[in-house]
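To start, the structure under review is shown below, and the notes come after it.
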Amino acid sequence: MRIRKGYIIFGVICTLAVCSFSGCQKADDVQTTSAVETQTPAPAVTETPVASQETKNPEQNTEKKEISIYTINDDTLESEPVIVEVEEELTAEAVVKASVKSLEEHSLKIGIYSVVQEGDAVIVSFQKDTAPVAGVGSGVEETILNCISDSLIDNVEGCKKVIFRVEDGPYESGHMIFGIDEVYASE
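Numbering (mature numbering (1 follows the signal peptide of the UniProt record, and there is no 0)) for the sequence shown: -27 to -1, 1 to 160.
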């Protein structure tokens, strides 16, 4: 009986030793990979905390304007104003571009299909597979729409109402549905 217990104990010790040492590897066997993701910021818009002013850049012959747009607060998921510098003519497309860039700094990928100003309305059409149409919750979706619409109404001359669409069709996401010409926000 003692011999049998001895073999069992010896077998358990050998098994534990094999298991313990088989998990160890030499440092040369470990492969490490690193992925570096770089994004080149768009040169057209830069955030700055300075009061509104206009300057001319003689090299590029474009006017720089500081405007107040809206972006998302990461903690509350509500919209908040921010001052940005726009280096192009202040059109609906330029304001949407600045607003989207500011929102993307908060890890939101927003796909703009088109921006058109028709009379006193600005129509913003989103790509169907990106935020705010897909990939975000209802609260973030609403905040994105509010940021873009409020930025347009505050900055685009003649813009009194904003209409949202999805790739030229009516706006429809998992949370909201609007008619093709339904006004989302107005002055």
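Glycine residues also receive a C-beta, built at the ideal position from the N, C-alpha and C atoms.
Exposure label - residue i; buried when at least 16 CB within 10 Å
i: Ile153; result: exposed
i: Asn46; result: exposed
i: Glu114; result: buried
i: Val117; result: Per the sequence shown, the amino acid found at residue 117 is Ile instead of Val. Ile117 is buried by the Cβ-count criterion.
i: Ile(-15); result: exposed
i: Tyr(-21); result: exposed
i: Thr(-13); result: exposed
i: Phe137; result: buried
i: Phe99; result: buried
i: Ser41; result: exposed
For residue i, the residue or residues it bridges with in DSSP
i: Arg138; result: Ser98, Pro143
i: Ser87; result: Ser98
i: Pro54; result: Tyr43
i: Ile(-20); result: Answer is none; Ile(-20) lacks a bridge partner.
i: Val156; result: Ile136
Close-in-space but distant-in-sequence residues of the same chain around residue i (CB under 6 Å, 5 per side omitted)
i: Lys101; result: Val139, Glu140
Residue from the options whose Cα sits closest to the Cα of residue i
i: Leu125; options: Ile(-15), Tyr144, Pro54, Thr49; result: Pro54
i: Asp48; options: Glu145, Phe151, Ala158, Gly112; result: Gly112
Own chain, CB closer than 8 Å to residue i, minus 5 neighbours either side, in chain order
i: Cys132; result: Ala65, Gln90, Asp93, Ala94, Val95, Leu125, Ile126, Glu160
i: Thr103; result: Lys82, Ile83, Gly84
Cutoff 7 Å; reference residue i; Cβ partners in own chain excluding five residues on either side
i: Leu76; result: Thr44, Ile45, Ile83, Ile117, Cys120
Within 8 Å, do at least three Cβ pairs link the stretch 42 to 62 to the stretch 90 to 106? Touching, no.
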